[in-house]
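The numbering of the sequence shown is my numbering, which starts it at 10 and goes up by one.
Below is one structure, written out as structure tokens, with a few remarks after it.
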Amino acid sequence: MLAKLKTFSLVGIEAEPVEVEVDVSPVAMPKTILVGLPEAAVRESTHRVGRALVNSGFERPADRVVINLAPAELPKQAASFDLPMSLGILAASGQIESDKFNDYAVVGELALEGHTRPAKGVLSMAIAAKQCGLRGLVVPRENAGEAAVVQDLDVIAVESLTQAVAFFTGEIEIDPTPSRLDEIFEEYSKYDEDFSDVRGQEVAKRAITIAAAGSHNILMLGPPGSGKTMLSKRIPTVLPTLSPSESIETTRIYSALGRLRPGQPLMARRPFRSPHHTISEAGLVGGGSTPTPGEISMAHNGVLFLDELPEFNRRTLEVLRQPLEDCVVTISRALNSTTFPADFMLVAALNPCPCGYRTDPRRDCNCTPPQIERYMSKISGPLLDRIDIHVEVPAAEYKELSSTMLGTSSATIREQVAYARRAQAERFRGLKIMYNAQMSSKQIREFCKLDSTGMNLMKTSVNEMGLSARAHDKVLRVSRTIADLEGSKSILFEHLTEAVNYRQLDRQIWQ
Numbered sequence: 010m011l012a013k014l015k016t017f018s019l020v021g022i023e024a025e026p027v028e029v030e031v032d033v034s035p036v037a038m039p040k041t042i043l044v045g046l047p048e049a050a051v052r053e054s055t056h057r058v059g060r061a062l063v064n065s066g067f068e069r070p071a072d073r074v075v076i077n078l079a080p081a082e083l084p085k086q087a088a089s090f091d092l093p094m095s096l097g098i099l100a101a102s103g104q105i106e107s108d109k110f111n112d113y114a115v116v117g118e119l120a121l122e123g124h125t126r127p128a129k130g131v132l133s134m135a136i137a138a139k140q141c142g143l144r145g146l147v148v149p150r151e152n153a154g155e156a157a158v159v160q161d162l163d164v165i166a167v168e169s170l171t172q173a174v175a176f177f178t179g180e181i182e183i184d185p186t187p188s189r190l191d192e193i194f195e196e197y198s199k200y201d202e203d204f205s206d207v208r209g210q211e212v213a214k215r216a217i218t219i220a221a222a223g224s225h226n227i228l229m230l231g232p233p234g235s236g237k238t239m240l241s242k243r244i245p246t247v248l249p250t251l252s253p254s255e256s257i258e259t260t261r262i263y264s265a266l267g268r269l270r271p272g273q274p275l276m277a278r279r280p281f282r283s284p285h286h287t288i289s290e291a292g293l294v295g296g297g298s299t300p301t302p303g304e305i306s307m308a309h310n311g312v313l314f315l316d317e318l319p320e321f322n323r324r325t326l327e328v329l330r331q332p333l334e335d336c337v338v339t340i341s342r343a344l345n346s347t348t349f350p351a352d353f354m355l356v357a358a359l360n361p362c363p364c365g366y367r368t369d370p371r372r373d374c375n376c377t378p379p380q381i382e383r384y385m386s387k388i389s390g391p392l393l394d395r396i397d398i399h400v401e402v403p404a405a406e407y408k409e410l411s412s413t414m415l416g417t418s419s420a421t422i423r424e425q426v427a428y429a430r431r432a433q434a435e436r437f438r439g440l441k442i443m444y445n446a447q448m449s450s451k452q453i454r455e456f457c458k459l460d461s462t463g464m465n466l467m468k469t470s471v472n473e474m475g476l477s478a479r480a481h482d483k484v485l486r487v488s489r490t491i492a493d494l495e496g497s498k499s500i501l502f503e504h505l506t507e508a509v510n511y512r513q514l515d516r517q518i519w520q
């Protein structure tokens, strides 16, 4: 007999439909043959499936079993084919009959005793199931909350092969798992950190407010212990709450990597990624023989924090240049290429010299000019050019550290950021962009017009500071954000002056 079931295979973060065809035919020597370009984890599944069938009280066919995973040219990975293959063997050997196989796709790994284990990428598979017009998706119970995020799709949670068989044969009815979207956001969207924990550094907080309001990249330079890391870790607390669509985009990446926290089926907070400076190029942007997302994709819709920027390998940093411009990263291999989203806010921190005290008036710097030059030369001009705001974070004074007064809180900054983003949402209504940092050159000319005084200041800044065309546009984007924070329809002289000041630090330090 021949049985057919529907399932999905994960390619990057996308789920591709796969048909599991099982044929059982009499033969003298029992044998199980698996075809359809299976990888090692899928080839090994024949042994798991065989023991799961027996330990669940079913018979393993003493015949030739041929399992085909179509389309044949698509590589099949992971163990999520165990459950559909087991059901297919039972149906092809005549042990069960069901008319639900055409309406439901099946995903799940099996333990030897027949219990289900969670699979990676179930959210992407649920989205693909809906796009294919299926009625529902049968998944392990641990994955049910994640898949239930997709509306108008019946997500059936099963705990074992026996329960899955009972559902398909109609012996039991299993209610679809309800979506807990509102509960998830209420439970997981809170932060423990707050900007009021950081004493002083109001200038840096102002720069962070501007960066968060317009989704600009920011670089902070200062001596050790000045608060650069504390400030950076609190940036997600002032960004708007993830919208449902942004949350699903981000969750798909973490789901494909198996990085979702147990019991949390959906990302409710903006991701904050802080990779160590020993990270490889593939670890940062993604890679592998079968491409998988890297840190920049895991920071999608959130913050990528690079602490001690000059300690990173220069080649590793250079691979950031294209994703910073395009907000996506494409990993190309001989047979195919995979594109991952990478729309993140870059936050970088560094010391002004190897010892860290070059700009600290209270400490002596023992670094020689050649040492400082080698240290700073690890950061290329093109990469610096792509960072909109450069701000100095000086060492905090004792008066600020000992003060009982709280500094500017996250709630205050978040209100300002939300106000500016509402202005941007109105401005870019009907366009494909959302934030000032995403404006093209054409849109800059339309939305960032300057008066004669501003034109003169911009001309002087370009000539004296040697701003590139990209840096010129960055200044205009930042000044537009500053104007939005102030509630101004047009860019005034003081808005442009502040934006220009955020481009002076790299000229002073890197000379």
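The beta-carbon is built from N, C-alpha and C at its ideal position, and this holds for glycine as well.
Values in this document were obtained by computation on a predicted structure and should not be read as measured data.
Could you pull out every residue in the same chain whose Cβ sits closer than 7 Å to the Cβ of Pro-35, ignoring the five residues on either side in sequence?
Excluding residues within five positions, the ones whose Cβ falls inside 7 Å are Asp-72.
Judging by CA-CA distance, which residue of Ile-183, Leu-251, His-285 is the nearest neighbour of Ile-3?
The shown model of the chain, from 10 to 520, leaves out residue 3, and the question about it has no answer.
Taking buried to mean at least 16 other C-beta atoms within 10 Å of its own C-beta, is Pro-379 buried or exposed?
The residue is exposed, with fewer than 16 neighbouring Cβ atoms inside 10 Å.
Looking only at C-alpha atoms, which of Thr-218, Ala-277, Arg-150, Val-328 sits nearest to Glu-192?
Selected option, being the one with the closest Cα: Ala-277.
Does DSSP put Glu-25 in a helix, in a strand, or in coil?
Glu-25 falls in the strand class under three-state DSSP.
Taking 8 Å as the cut-off, does the segment 334-347 touch the segment 295-304 (at least 3 CB pairs, one atom from each stretch)?
Verdict: yes, contact present.
Skipping 5 residues on each side, what residues in its chain have a beta carbon closer than 6 Å to that of Leu-269?
Cβ neighbours of Leu-269 beyond the five flanking positions: Tyr-263.
Could you tell me which residues DSSP pairs with Phe-177 in its beta bridges?
None; Phe-177 has no bridge partner.
Alpha carbon to alpha carbon, how far is Val-74 from Glu-23? Give it in angstroms, no decimals.
Each residue's Cα considered, the two are about 30 Å apart.
Are the segment 387-401 and the segment 493-505 touching by the rule of at least three beta carbon pairs closer than 8 Å?
These segments do not touch.
Comparing alpha-carbon positions, which option in Glu-53, Glu-151, Leu-132, Thr-171 lies nearest Ile-105?
Residue Thr-171 is the option with its Cα nearest to Ile-105.
Measure the beta-carbon distance from Val-356 to Ile-244 and round it to whole angstroms, keeping in mind my assumption that it falls under 8 Å.
Going by Cβ atoms, the distance from Val-356 to Ile-244 rounds to 6 Å, so yes, they are a contact pair.
Using alpha carbons as the reference points, say which of Asp-206, Pro-253, Gly-295 lies closest to Ser-198.
Considering only alpha carbons, the answer is Pro-253.
For a quick check, are the C-beta atoms of Asn-407 and Pro-232 less than 7 Å apart?
In the sequence on display, residue 407 carries Tyr and not Asn. In this structure, Pro-232 does not lie closer than 7 Å to Tyr-407 by Cβ.
Please look up how many angstroms separate the CB atoms of Leu-505 and Ser-488, rounded, as I've assumed it's under 8 Å.
Contact flag correct, Cβ pair sits at about 5 Å.
Report yes or no: do the segment 207-226 and the segment 433-448 share at least 3 C-beta pairs separated by less than 8 Å?
With the cut-off at 8 Å, the segment 207-226 and the segment 433-448 touch.
Hey, out of Ser-341, Leu-333, Ile-340, whose CA is closest to Ala-351's CA?
Closest by alpha carbon: Leu-333.
What are the start and end residues of each continuous alpha helix (DSSP H) run of 4 or more residues lying completely inside the segment 349-402, in chain order?
378-385, 390-394, all fully within the segment 349-402.
Give the straight-line distance between the Cα atoms of Phe-90 and His-399, rounded to the nearest whole angstrom.
Looking at the two C-alpha atoms, the distance is approximately 50 Å.
Under 8 Å by Cβ, that's how I've got Ala-88 and Ala-50 pegged, so tell me the actual separation to the nearest angstrom.
Confirmed, Cβ separation roughly 5 Å.
Return yes when the Cβ of Val-29 is within less than 7 Å of the Cβ of Pro-93, no when it is not.
Going by C-beta atoms, Pro-93 is nearer than 7 Å to Val-29.
Can you list, in chain order, the residues of its chain with a C-beta nearer than 7 Å to that of Arg-189? Leave out the 5 residues immediately preceding and following it.
Excluding residues within five positions, the ones whose Cβ falls inside 7 Å are Gly-154.
Going along the chain, which unbroken runs of the beta strand (DSSP E) with 3 or more residues stay wholly within the segment 217-255?
With a minimum length of 3 residues, the continuous beta strand (DSSP E) runs that stay inside the segment 217-255 are 227-230.
What is the rounded straight-line gap between the Cα of Val-63 and the Cα of Ser-95?
Between Val-63 and Ser-95, the C-alpha separation is close to 11 Å.
Spatial neighbours of Glu-473 within its chain, please: CB distance less than 6 Å, with the 5 preceding and 5 following residues excluded, ordered by chain position.
So no residue of the chain qualifies.
Note the first and the last residue of the continuous beta strand (DSSP E) segment covering Phe-314.
From DSSP, the beta strand (DSSP E) with Phe-314 extends over 312-315.
For Pro-363, which residues from the same chain have a beta carbon less than 6 Å from its beta carbon, with the 5 sequence-adjacent residues on both sides left out?
Cys-376, Gln-380, Tyr-384, listed in sequence order.
Could you pull the start and end residues of the alpha helix (DSSP H) that Tyr-511 belongs to?
Unbroken run through Tyr-511: none, as it is neither H nor E.
Do Ile-340 and Gly-295 have their beta-carbon atoms positioned less than 7 Å apart in this structure?
Going by C-beta atoms, Gly-295 is nearer than 7 Å to Ile-340.
Do Ala-114 and Ala-138 have their beta-carbon atoms positioned less than 7 Å apart in this structure?
Yes, these two residues count as a Cβ contact at 7 Å.
Out of Thr-469, Arg-208, Leu-315, which has the shortest C-alpha to C-alpha gap to Arg-282?
Checked all of Thr-469, Arg-208, Leu-315; the closest Cα to Arg-282 is Leu-315.
Considering only the alpha carbon of each residue, which of Ala-216, Ala-420, Leu-393 lies closest to Arg-330?
Considering only alpha carbons, the answer is Leu-393.
Determine the contact status of Ala-12 and Gly-117, defining contact as a CB-CB distance below 7 Å.
Against a cut-off of 7 Å, the Cβ pair of Gly-117 and Ala-12 comes out as no contact.
Around the C-beta of Thr-325, are 16 or more other C-beta atoms found within 10 angstroms, so that it is buried, or is it exposed?
Classification of Thr-325: buried, given that the 10 Å Cβ count is 16 or more.
Beta-carbon within less than 6 Å of Ile-181's beta-carbon, same chain only, minus the 5 sequence neighbours each way: which residues are those?
Around Ile-181: Ala-175.
With burial defined as no fewer than 16 other Cβ atoms inside 10 Å of the residue's Cβ, what is the status of Arg-512: buried or exposed?
So Arg-512 ends up on the buried side.
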